[in-house]
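Visitor: Once you've had a glance at the structure underneath, I'll fire off some questions.
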Amino acid sequence: MIKVNTCHIGDEPLPVNGTESSDILDINAAPEAPEMKAVSDIRYDLYAAKTGQDLLVTGKASFDLETLCSRCMKQIVVPVTAEKITLFFEKVPEQEVELTDDIREELLLALPDYIRCSDDCRGLCPRCGANLNDGDCGCSSEDEEEELPPEENPWSALDQLK
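Shown next as structure tokens:
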């Protein structure tokens, strides 16, 4: 559990650093994304400051995610970092404040939308499924889908519109 005790915060921001098990992310149990798995603990580097009766927590957190490249389906490990965490708690009494759920939410929002093994990943051949990063698959450009003749093309009527 990631917690900060407000009793220990003085005039200067209190550093809150450490690691936490990635089990709190619940990624490994997600049935909608079985290919995703957290492979490291969560590392967090936060600062907690009092502003009157309120609490402001800033910093960053990160972990490593094992998943599939969205182009070539190769198993890869990518770092996931929530760089600019800012949490604000109003009228916090002198006690421990639980940050785990908020940090979890920030990290899940930091998950990349489109994960690739590299920027120049060529992906899979649409015809045979070979990984094009390993070299050409042998499918010739002549094997690509032939264009339909204009009379069979359902979109040909749109060519007449001006």
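Sequential numbering of the sequence shown, starting at 6, is according to the numbering used here.
We put the CB at the ideal spot given by N, CA and C, even for glycine.
Since the structure is predicted, the reported quantities are computational estimates derived from the model, not experimental observations.
1. Give the list of continuous alpha helix (DSSP H) stretches no shorter than 4 residues that lie fully inside the region 103-131.
2. Would you mind working out which of I29, T63, S27 and D141 sits nearest P20, comparing C-alpha positions?
3. Mapping DSSP to helix, strand and coil, what is S75?
4. Can you give the Cα-Cα distance for D164 and D69, rounded to whole angstroms?
5. Cα-Cα, which of V9, D124, T24 and E71 is closest to I81?
6. Starting from the C-beta of A54, find all residues in its chain whose C-beta is less than 6 Å away, skip the five residues before and the five after it, and write them out in chain order.
7. Given that a residue counts as buried once 16 or more other Cβ atoms are within 10 Å of its Cβ, and exposed if not, what is D111?
8. Tell me the DSSP secondary structure of C50 in three-state form.
9. Restricting to Cα atoms, I'd like to know which of D124, Q58 and I120 is closest to V97.
10. Buried or exposed for E25, please, with buried defined as at least 16 other CB atoms from any protein chain shown within 10 angstroms of its CB.
Guide: Reading from the atomic positions:
1. 105-114
2. By one-based count along the sequence shown, residue 20 stands at place 15. Selected option, being the one with the closest Cα: T63.
3. Residue mapping note: residue 75 aligns to position 70 of the sequence shown, counting from 1. The answer is coil: DSSP assigns S75 none of H, G, I, E or B.
4. Here the question's residue 164 lines up with position 159 in the sequence shown. Here the question's residue 69 lines up with position 64 in the sequence shown. Approximately 50 Å between the Cα atoms of the pair.
5. Taking the sequence shown and counting its residues from 1, one reaches residue 81 at position 76. Among V9, D124, T24 and E71, the Cα nearest to that of I81 is on E71.
6. Along the sequence shown, read from residue 1 onward, the residue named residue 54 stands at position 49. Excluding positions up to five away in sequence, the list reads P18 and L61.
7. As a first step, residue 111 must be located in the sequence shown, where it is residue number 106. The displayed chain sequence assigns Glu, not Asp, to residue 111. Buried, by the Cβ-count rule.
8. The residue given as residue 50 occupies position 45 in the sequence shown. Cys is not the amino acid found at residue 50; the sequence shown has Asp there. Here D50 sits in strand by DSSP.
9. Translated into the one-based positions of the sequence shown, residue 97 becomes position 92. The alpha carbon of V97 has as its nearest neighbour, out of D124, Q58 and I120, the alpha carbon of Q58.
10. If you number the sequence shown from 1, residue 25 lands on position 20. Classified as buried, E25 has 16 or more neighbouring CB atoms from the shown chains inside 10 Å of its CB.
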